[in-house]
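Undergrad:
There are 2 protein chains.
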Amino acid sequence: MATKIVTRNTDYAVRALCYMAARESKEKGGIITVTELVKELGMPRPFLRKILQKLNAAELLISKKGKGGGFRLARPAGKIFITVVMEIFQGPFKLNDCMFKRKICPNRKACFMRKKLEAIEKFAAAQLKGVTIREILNGR
Amino acid sequence: MATKIVTRNTDYAVRALCYMAARESKEKGGIITVTELVKELGMPRPFLRKILQKLNAAELLISKKGKGGGFRLARPAGKIFITVVMEIFQGPFKLNDCMFKRKICPNRKACFMRKKLEAIEKFAAAQLKGVTIREILNGR
DNA sequence: CATAATGATACCACATTAGTATCATTTGTC
DNA sequence: GACAAATGATACTAATGTGGTATCATTATG
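Shown next, in the form of structure tokens:
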């Protein structure tokens, strides 16, 4: 199977955020309900709810309970970084370093494989670092 | 959880190959049994057997059945590429591209996120491309 | 023929991810 | 205040992938 850099959680979250950012630019300060998001984005409702609740807990969204309630962005799209979203759903970004980590390692020197993986991890982090919802919406 | 670039299968396989390559340079053409590998590398025996069988099927090892049998490298360590080993156990190397792959994508343009993931994938492939068992053994 | 090795294959266990269900709480409207 | 419409919290279930076992068949050597 393909190596996963983003999970479905993150994927859905980013899409929802993009949708909300796009709608907000048309209709200022509008609150958006789960119902609308589900209709527009076609995701399973209870799953999306859980995701939005997490985004709310992480203060990327602001929620309003009760009739007429819903969610809105807690800050401008240009200040919502996907690295933050990824961290919420996936924890800190890391590539696995398990290879040769055990003491059975056939050579005692610093492992070559490990160096390669570290380089990849560094590059990946750099690529993702500055990316925001705004940029994704604009295609940069 | 950490993003996995190499699975345990691959990890074990690479270690076994390294061990075999190291022993071969001392004692030319020696056949090595699962028993020896298990003793030296401390891996679960039936699991390692399955792994070696796959390496054999992929023609990285040559097996000899029957009493006095075992495995030996099918080619010099410098010609065994970890990309090949990875492919055997993990399939073709790919980062997930599921994000926005569906038609619900909020912007129709080529997706920015996707571009980033592709860049990471390219870099990773380049890093791993030339690496052989020999290099790992030597620490390069 | 016994023994020691691999070949083939089916099965099991555990963790993670994806998704569901339910009930509690809040808020607006009549 | 009652009702309806929204989220909060949380526990549960399902699907998948990875790691690992078990078993029997086959082959080669002495």
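Protein chains in written order, with the working numbering: chain A, 1 to 140; chain B, 1 to 140.
Even for Gly, the Cβ is constructed at its ideal location relative to N, Cα and C.
Whether or not the segment 48-62 of chain B and the segment 11-24 of chain B are in contact is what I'm after, with contact meaning three or more pairs of Cβ atoms, one per stretch, closer than 8 Å; do they touch?
TA: The segment 11-24 of chain B vs the segment 48-62 of chain B: in contact.
Undergrad: Counting C-beta neighbours from all protein chains within 10 Å, is the total for A:A145 16 or more, i.e. buried, or is it exposed?
TA: Past the edges of chain A, shown from 1 to 140, lies residue 145 of chain A, and the structure says nothing about it.
Undergrad: What span of residues does the beta strand (DSSP E) with A:I62 cover, start to end?
TA: Here residue 62 of chain A corresponds to residue number 62 of the first sequence, with the count starting at 1. Here the beta strand (DSSP E) through A:I62 covers 61-64.
Undergrad: Rounded to the nearest angstrom, what separates B:V131 and B:I82 at their Cα positions?
TA: Numbered from 1 along the second sequence, position 131 holds the residue referred to as residue 131 of chain B. Numbered from 1 along the second sequence, position 82 holds the residue referred to as residue 82 of chain B. So the alpha carbons of these two residues sit roughly 6 Å apart.
Undergrad: Output yes if chain B places a C-beta closer than 8 Å to the C-beta of A:P106; else output no.
TA: Residue mapping note: residue 106 of chain A aligns to position 106 of the first sequence, counting from 1. Summary for A:P106: the model assigns pLDDT 49, below 50, so the residue's position carries little reliability, and this model does not support an answer.
Undergrad: Give the C-beta separation of A:T3 and B:K4 to the nearest angstrom, bearing in mind that I take them to be a contact with Cβ-Cβ under 8 Å.
TA: Reading the first sequence from its first residue, position 3 is the one you call residue 3 of chain A. Reading the second sequence from its first residue, position 4 is the one you call residue 4 of chain B. With 8 Å as the limit, A:T3 and B:K4 qualify as a contact, their Cβ atoms being about 6 Å apart.
Undergrad: State the Cα-Cα distance for the pair A:L48 and A:A13, rounded to the nearest angstrom.
TA: Indexing the first sequence from 1 puts residue 48 of chain A at position 48. Indexing the first sequence from 1 puts residue 13 of chain A at position 13. About 8 Å.
Undergrad: Nearest to A:L128 by alpha carbon, out of B:G42, B:A119, B:R134?
TA: Sequence index remark: in the first sequence, residue 128 of chain A carries index 128 (1-based). Cα-wise, what sits closest to A:L128 is B:A119.
Undergrad: Quick one: what's got a C-beta closer than 7 Å to A:V38's C-beta in the same chain, skipping five residues either side?
TA: Position 38 of the first sequence, counting from 1, holds the residue named residue 38 of chain A. Taken in chain order, the residues that qualify are R45, L48.
Undergrad: Taking just the CA atoms, how far does B:R134 sit from B:M113?
TA: For the purposes of this step, residue 113 of chain B is identified with residue 113 of the second sequence, where counting begins at 1. For the purposes of this step, residue 134 of chain B is identified with residue 134 of the second sequence, where counting begins at 1. Cα to Cα, B:M113 sits roughly 36 Å from B:R134.
Undergrad: When the Cα of A:G68 is compared with those of A:N9, A:I32, A:G139, which residue comes out closest?
TA: Start at 1 with the first residue of the first sequence, and residue 68 of chain A comes out as number 68. Checked all of A:N9, A:I32, A:G139; the closest Cα to A:G68 is A:I32.
Undergrad: Chain A partners of B:E36, CB-CB under 7 Å?
TA: Position 36 of the second sequence, counting from 1, holds the residue named residue 36 of chain B. Neighbours of B:E36 on chain A: none; closest Cβ ~14 Å, over 7 Å.
Undergrad: Please report the distance separating the alpha-carbon of B:Q90 from that of B:R75.
TA: What you label residue 90 of chain B is simply residue 90 of the second sequence in a count that begins at 1. What you label residue 75 of chain B is simply residue 75 of the second sequence in a count that begins at 1. In a straight line, the C-alpha of B:Q90 is about 22 Å away from that of B:R75.
Undergrad: Is the beta carbon of A:I88 less than 8 Å from the beta carbon of A:L137?
TA: Taking the first sequence and counting its residues from 1, one reaches residue 88 of chain A at position 88. Taking the first sequence and counting its residues from 1, one reaches residue 137 of chain A at position 137. Their beta carbons are not under 8 Å apart, which means A:I88 does not touch A:L137 by this criterion.
Undergrad: Mapping DSSP to helix, strand and coil, what is B:R72?
TA: Numbered from its first residue, the second sequence carries residue 72 of chain B at position 72. Correct three-state label for B:R72: strand.
Undergrad: Count the other C-beta atoms from every protein chain shown that fall within 10 angstroms of the C-beta of A:K27, then say buried if there are 16 or more, exposed otherwise.
TA: Here residue 27 of chain A is taken as the residue at index 27 of the first sequence, counted from 1. The question names Lys, but residue 27 of chain A is Glu in the sequence shown. Exposed is the call here.
Undergrad: Taking only beta-carbon positions, decide if A:N187 is within less than 8 Å of chain B.
TA: Lying outside 1 to 140, the shown extent of chain A, residue 187 of chain A is not represented and no answer is given.
Undergrad: Shortest alpha-carbon distance to B:G66 belongs to which of B:A21, B:E40, B:V34?
TA: Position 66 of the second sequence, counted from the start, is the residue given in the question as residue 66 of chain B. Considering only alpha carbons, the answer is B:V34.
Undergrad: Pick out whichever of A:A124, A:G30, A:R140, A:K50 has its Cα sitting closest to the Cα of A:T10.
TA: Mapped onto the first sequence, residue 10 of chain A falls at position 10. With distances taken between Cα atoms, A:T10 lies closest to A:K50.
Undergrad: Just reading off the alpha helix (DSSP H) that B:C18 is part of, what are its end residues?
TA: Within the second sequence, numbered from 1, the residue matching residue 18 of chain B stands at position 18. Start and end: 8-26.
Undergrad: Please classify A:K115 as buried or exposed, where buried requires at least 16 other C-beta atoms within 10 Å of its C-beta.
TA: The residue labelled residue 115 of chain A in the question sits at position 115 within the first sequence. Exposed, since its Cβ has fewer than 16 Cβ neighbours within 10 Å.
Undergrad: What residue range does the alpha helix (DSSP H) around B:N56 cover?
TA: Position 56 of the second sequence, counting from 1, holds the residue named residue 56 of chain B. Its alpha helix (DSSP H) spans residues 45-57.
Undergrad: Quick check: what's the CA-CA separation for A:V85 versus A:A125?
TA: For the purposes of this step, residue 85 of chain A is identified with residue 85 of the first sequence, where counting begins at 1. For the purposes of this step, residue 125 of chain A is identified with residue 125 of the first sequence, where counting begins at 1. In a straight line, the C-alpha of A:V85 is about 14 Å away from that of A:A125.
Undergrad: Given that a residue counts as buried once 16 or more other Cβ atoms are within 10 Å of its Cβ, and exposed if not, what is B:M1?
TA: By 1-based counting over the second sequence, the position of residue 1 of chain B is 1. Classification for B:M1: exposed.
Undergrad: Step through the CB atoms of chain B and report whether any lies within less than 8 Å of the CB of A:K116.
TA: Counting from 1 along the first sequence, the entry for residue 116 of chain A is found at position 116. Yes, its Cβ sits closer than 8 Å to a Cβ of chain B.
Undergrad: Considering only residues of the same chain and omitting the five flanking positions on each side of B:L52, which have a CB-CB separation below 6 Å?
TA: In the second sequence, the residue the question calls residue 52 of chain B occupies position 52. If we look at B:L52 and ignore the five residues flanking it on each side, its Cβ neighbours are F71.
Undergrad: Any idea what DSSP makes of B:F93, helix, strand or coil?
TA: Mapped onto the second sequence, residue 93 of chain B falls at position 93. In this structure, B:F93 counts as coil in the three-state DSSP scheme.
Undergrad: For a contact defined as C-beta to C-beta under 8 Å, what are the partners of B:L48 on chain A?
TA: Taking the first residue of the second sequence as position 1, residue 48 of chain B is located at position 48. Going along chain A, no residue has its Cβ under 8 Å from B:L48, so there is no contact; the nearest lies around 12 Å.
Undergrad: For B:A57, count neighbouring Cβ atoms within 10 angstroms of its own Cβ and tell me buried if that reaches 16, exposed if not.
TA: Here residue 57 of chain B is taken as the residue at index 57 of the second sequence, counted from 1. Looking at its Cβ environment, which holds fewer than 16 other Cβ atoms inside 10 Å, B:A57 is exposed.
Undergrad: Examine chain A for any beta-carbon lying closer than 8 Å to the beta-carbon of B:E24, and answer yes or no.
TA: Position 24 of the second sequence, counting from 1, holds the residue named residue 24 of chain B. Taking Cβ atoms only, chain A never reaches closer than 8 Å to B:E24, which makes this a no.
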